[in-house]
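Enquirer:
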RNA sequence: GCGAAAGUGGCGGAACUGGCAGACGCGCCGGACUUAGGAUCCGGUAGCCGUAAGGCUUUGGGGGUUCGACUCCCCCCUUUCGCACCA
């Protein structure tokens, strides 16, 4: 018996996999496909054990599916554009490209040392022209269809990153990357019209039943559909979801940004003062304004408009809590039925009129202002002809009435905004647009793509778009008229890169198109996708959007890119996320050196369910290492006994009790592990089941002397008397080695070879569950008396309910509790439990 | 504030559709083998009472449904996450 030397065997098998191109695949219509993907990596420098966890989940699934006969695509690549590379360049003078490519090389080595079964020949990096060329190609298609457009607008600006951020990239009022509070800027920006797909993206969430509910909820909230109506109060159009309360509208509120504000200022007695007050609201910190921390404030514009339903004249105010970018930027104030309007009206003494009564008792209409607004639906009152209608009914009738009178229209409003993709930074995809005096905005023709990112040497990190300072890049000729023209100098948001890479993996070397329809139709959609929950409304909504764009371009027939999503929990150290700046990074290479990749892999799978956050504990890894030692010893000690030819299948043999028990455990373990892996993805309990099997195997082998303990002693042949014993031990050990292989592939391959098998575990296939073998002959059934466990009876597996009841009542333990009492009832839960009720 | 998920030993966590709570591992305690062990093997390990057999209590707290509740229902507490004036 040799010692377990993970470093040696891991190297051996990793080399073998590379040599035999074990994980490279091509389309094969004769086999079911399985596309397994983990979110690709930003090459920040070093992988930590948090990355390892995500990649392991995918690797276990990929390896399992291979063993079960699937044609498995399991690729990996690099989300290689991004700010850290540029910042590193500014700080150290290393070119972003150098920095990025070096990091990729290092991290790739780390992943290879973990033995992840990637199809490395499909590796891609988004910073290479072979990739970003297709970003430009797709942008051009979207430009042609009006899905990419340019406009001036107020955008989110991160002072630290010196660039624009999309709405999705503003987290709690700060930059998603660095947390710096976001400010507003007015800029010319390129947008992608994701709102075109708002409704489909929303409805599509219903079909994503295997996604975590949490992610779906976040996406639904983000898209934020509201059904309501636009109604004109003279020239001011408001958006409301509660037109049923319009008779209670006693004022109108404008956002400080509303286009009418400046005109009203000009018409007011004190234009300068008016302007100043509106401006003060506008410059209120957006973050505070958005989070509702700012007190509701406003002022009367002096302007009056007619409520089109009551015909009353009501005042127009400007209010700091009305959002300029949502709806029409104007709302009707219904203080009786909207909490915000209520606070506002109370503060400024505006009239409050109740027009909806609580549904059950319409006659008990509220006539006085209560502690707050009554925002629920009810029965409409004080509303002319509409009195007595339910809110639901009034919504319809009033909308109809407004439409008939030409003063309003039923409409749907989304919270989702178009995706601003212009970035004023260097390390990204150049936007393939040329500005010509004569022809205006011209897309770079496909045959001139890629627009290559010029090699810049100096990075200041200040000012606008670095590319603007490269004359050789900026100055060009118009593709249409040939006259002098200049190029767009902004680059694309890196989330463009990650929004379609999963399709590129299907056809990574295509130099005619981003991918061929045939290949994506074969591999797509991704069957199993795993990554961090932080992308719930960034990457995951953009990718869904792009998938629909590709479909509408006729390039795929796929509506949704990710059939199943698993959001894995983070690995913490000292209660905090691992990061270089905190200095709490656990380096997988350290762990591999000490315990081997297999132990590390096993531990991250065993420590907790994949979705849960976990705290990294070194001792736990040691435990996993000890388990592998135990497996190693078990198999190496018994290999001579069970290896080789001529051992019959245990199903055909007459087994004794111990043999039958082991066989039952073997097959019960196969059943549990199989189910835990697929579809449940409870990797931790699958590992526990394997540990139980190992424990039972040890006892069995020791009791029945299967181990050959002393190799130097020819008398210790380690051979048991019964061939039956050897047969069931062999079955158990082989099933164990195969089932552990998705978790710890190196040791599994090594042991499989040691057991005289050629061809590797993937060729051997996943063990078959035999329900007959797993069946017990007798059952031990617990017996409760008045709800308390009082005894156990052993019955034949096919015993009838009557027999079980009789056995339970005959049990002496049970009788001590039933003696002298009346048996009221006996419930037999077949195969599970007997419950006796006595009085 | 609104919404969602979760609360189980010293710790990470099991318990499939209501049926033996605490699987598996870590840690700890004891034993065996050892020059030694932080290696390995075996055993113990929710709490309380009891020498023991055994008994009682126990899945955040309180009620309820049920022969039976970690699991279902109601109220409350705590934690985490998401949304946060979207009219």
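In my numbering, the protein residues as written are 151 to 989. From the three backbone atoms N, C-alpha and C, an ideal C-beta is built for every residue, glycine too.
#1: Excluding the five sequence neighbours on either side, which residues of its own chain have a C-beta within less than 7 Å of the C-beta of residue 606, listed in chain order?
#2: Thinking C-beta only, is residue 697 closer than 7 Å to residue 217?
#3: Which residue marks the beginning of the beta strand (DSSP E) containing residue 185, and which one marks its end?
#4: Less than 7 Å between the beta carbons of residue 406 and residue 431, yes or no?
#5: Since residue 891 contacts residue 375 with CB under 8 Å, what's their CB separation in whole angstroms?
#6: Could you pull out every unbroken beta strand (DSSP E) segment of at least 3 residues lying fully inside the segment 701–755, listed in chain order?
#7: What does a CB cutoff of less than 6 Å around residue 552 pick up in its chain, not counting 5 residues either side in sequence?
#8: If we count Cβ pairs, one from each stretch, closer than 8 Å, do we get three or more for the segment 879–889 versus the segment 841–856?
#9: Following the continuous alpha helix (DSSP H) through residue 631, name the residue where it begins and the one where it ends.
#10: Tell me whether residue 480 sits in a helix, a strand or coil according to DSSP, three-state version.
#11: Is it buried or exposed, residue 625, if we count other Cβ atoms within 10 angstroms and call 16 or more buried?
#12: What's the call for residue 590, buried or exposed, on a 16-neighbour Cβ count within 10 Å?
#13: Restricting to Cα atoms, I'd like to know which of 541, 473, 555 is closest to residue 459.
#14: Residues in the same chain with beta-carbon distance under 7 Å from residue 250, minus the five sequence neighbours each way, listed in chain order, please.
#15: What residues in its chain sit with their C-beta under 6 Å from that of residue 519, if we drop five residues either side in the sequence?
#16: Do residue 491 and residue 483 have their beta-carbon atoms positioned less than 7 Å apart in this structure?
#17: Check residue 656 in the structure and name its three-state DSSP category.
#18: Contact between the segment 901–916 and the segment 743–756: three or more CB pairs below 8 Å?
#19: So what does DSSP say about residue 139, is it helix, strand or coil?
#20: Considering only the alpha carbon of each residue, which of 939, 930, 937 lies closest to residue 945?
#21: Assess, as a yes-or-no matter, whether the segment 637–647 is touched by the segment 257–273 under the definition of 3 or more beta carbon pairs within less than 8 Å.
#22: Between the beta-carbon of residue 988 and the beta-carbon of residue 933, is there less than 7 Å?
#23: Quick one: complete beta strand (DSSP E) runs, 3+ long, within the segment 281–329?
#24: Do you know offhand how far residue 935's Cα is from residue 978's?
#25: Measuring only the C-alpha atoms, how far is residue 797 from residue 877?
#26: With a threshold of 16 other CB atoms inside 10 Å of the CB of residue 654, please say whether the residue is buried or exposed.
#27: May I ask which residues mark the beginning and end of the beta strand (DSSP E) holding residue 404?
#28: Under a Cβ-count criterion, where at least 16 other Cβ atoms within 10 Å of its own Cβ denotes burial, should residue 974 be classed as buried or exposed?
#29: If I follow the unbroken beta strand (DSSP E) through residue 563, where does it start and stop?
#30: Which residues in the same chain have their Cβ closer than 6 Å to the Cβ of residue 782, if we skip the five residues on either side of it in sequence?
#31: Can you have a look at residue 743 and say buried or exposed, based on whether 16 or more other CB atoms are within 10 angstroms of its CB?
#32: With distances taken Cα to Cα, identify the nearest neighbour of residue 773 among 784, 759, 745.
#33: Going by DSSP, what residue range makes up the beta strand (DSSP E) through residue 383?
#34: So the candidates are 972, 444, 675, 565; which of them puts its Cα closest to the Cα of residue 347?
#35: Please list, in chain order, all residues of the same chain as residue 1075 whose beta carbon is under 8 Å from its beta carbon, the five residues on each side excluded.
#36: Hey, out of 826, 819, 815, 832, whose CA is closest to residue 850's CA?
Expert: On the basis of the supplied data:
#1: As a first step, residue 606 is located in the first chain; it is residue number 456 there, counting from the start. For residue 606, where only same-chain residues beyond five positions count, the Cβ hits under 7 Å are 576, 616, 620.
#2: Translated into positions along the first chain, residue 217 becomes position 67. Translated into positions along the first chain, residue 697 becomes position 547. It is not a contact, given that the beta carbons lie outside the stated cut-off.
#3: Here the question's residue 185 lines up with position 35 in the first chain. Run containing residue 185: 183–188, per the beta strand (DSSP E) assignment.
#4: Here residue 406 corresponds to residue number 256 of the first chain, with the count starting at 1. Here residue 431 corresponds to residue number 281 of the first chain, with the count starting at 1. Their beta carbons are under 7 Å apart, which means residue 406 touches residue 431 by this criterion.
#5: Numbered from its first residue, the first chain carries residue 891 at position 741. Numbered from its first residue, the first chain carries residue 375 at position 225. The pair is not a contact, with the Cβ atoms about 47 Å apart (cut-off 8 Å).
#6: 715–718, 721–723
#7: Reading the first chain from its first residue, position 402 is the one you call residue 552. Excluding residues within five positions, the ones whose Cβ falls inside 6 Å are 381, 558.
#8: yes
#9: Here the question's residue 631 lines up with position 481 in the first chain. Careful: residue 631 lies outside any alpha helix (DSSP H) and carries neither H nor E.
#10: Position 330 of the first chain, counted from the start, is the residue given in the question as residue 480. DSSP places residue 480 in strand when its eight states are reduced to three.
#11: Start at 1 with the first residue of the first chain, and residue 625 comes out as number 475. Counting every other CB atom within 10 Å of its CB across the protein chains shown gives residue 625 a total below 16, marking it as exposed.
#12: As a position in the first chain, residue 590 is number 440, starting the count at 1. Under this definition residue 590 is an exposed residue.
#13: Taking the first chain and counting its residues from 1, one reaches residue 459 at position 309. Nearest of 541, 473, 555 to residue 459, Cα basis: 555.
#14: Counting from 1 along the first chain, the entry for residue 250 is found at position 100. Same-chain partners within the cutoff: 193, 230, 235, 277.
#15: Numbered from 1 along the first chain, position 369 holds the residue referred to as residue 519. Only weak support exists for where residue 519 lies, its pLDDT of 40 falling under 50; the coordinates are left without a value.
#16: Reading the first chain from its first residue, position 333 is the one you call residue 483. Reading the first chain from its first residue, position 341 is the one you call residue 491. For residue 483 and residue 491, yes; Cβs fall inside 7 Å.
#17: Your numbering for residue 656 matches position 506 in the first chain. Three-state result, residue 656: coil.
#18: no
#19: No statement about residue 139 is possible, as the shown extent of the chain runs from 151 to 989 and does not include it.
#20: If you number the first chain from 1, residue 945 lands on position 795. For the residues 939, 930, 937, the minimum Cα distance to residue 945 belongs to 930.
#21: Counting Cβ pairs under 8 Å, fewer than three are found: no touch.
#22: Residue 988 sits at position 838 when you count from the first residue of the first chain. Residue 933 sits at position 783 when you count from the first residue of the first chain. Cβ atoms of residue 988 and residue 933: not closer than 7 Å.
#23: 298–308, 313–315
#24: Counting from one through the first chain, the residue named residue 935 turns up at place 785. Counting from one through the first chain, the residue named residue 978 turns up at place 828. Approximately 12 Å between the Cα atoms of the pair.
#25: Here residue 797 is taken as the residue at index 647 of the first chain, counted from 1. Here residue 877 is taken as the residue at index 727 of the first chain, counted from 1. About 6 Å.
#26: By 1-based counting over the first chain, the position of residue 654 is 504. Burial call: buried.
#27: Position 254 of the first chain, counted from the first residue, corresponds to residue 404. Start and end: 401–404.
#28: Along the first chain, read from residue 1 onward, the residue named residue 974 stands at position 824. Its Cβ having fewer than 16 others within 10 Å, residue 974 is exposed.
#29: Here residue 563 refers to the residue found at position 413 when the first chain is read from its first residue. First-last of the beta strand (DSSP E) with residue 563: 558–564.
#30: Taking the first residue of the first chain as 1, we reach residue 782 at position 632. If we look at residue 782 and ignore the five residues flanking it on each side, its Cβ neighbours are 154.
#31: If you number the first chain from 1, residue 743 lands on position 593. Exposed: under 16 other Cβ atoms inside 10 Å.
#32: Position 623 of the first chain, counting from 1, holds the residue named residue 773. When only C-alpha atoms are compared, the closest one is 745.
#33: Reading the first chain from its first residue, position 233 is the one you call residue 383. 375–383 is the span of the beta strand (DSSP E), which, as asked, contains residue 383.
#34: Indexing the first chain from 1 puts residue 347 at position 197. Taking only the C-alpha atoms, the option nearest residue 347 is 565.
#35: Outside the shown range of the chain (151 to 989) lies residue 1075, about which nothing can therefore be said.
#36: Position 700 of the first chain, counting from 1, holds the residue named residue 850. If we check each option's Cα against that of residue 850, 815 comes out closest.
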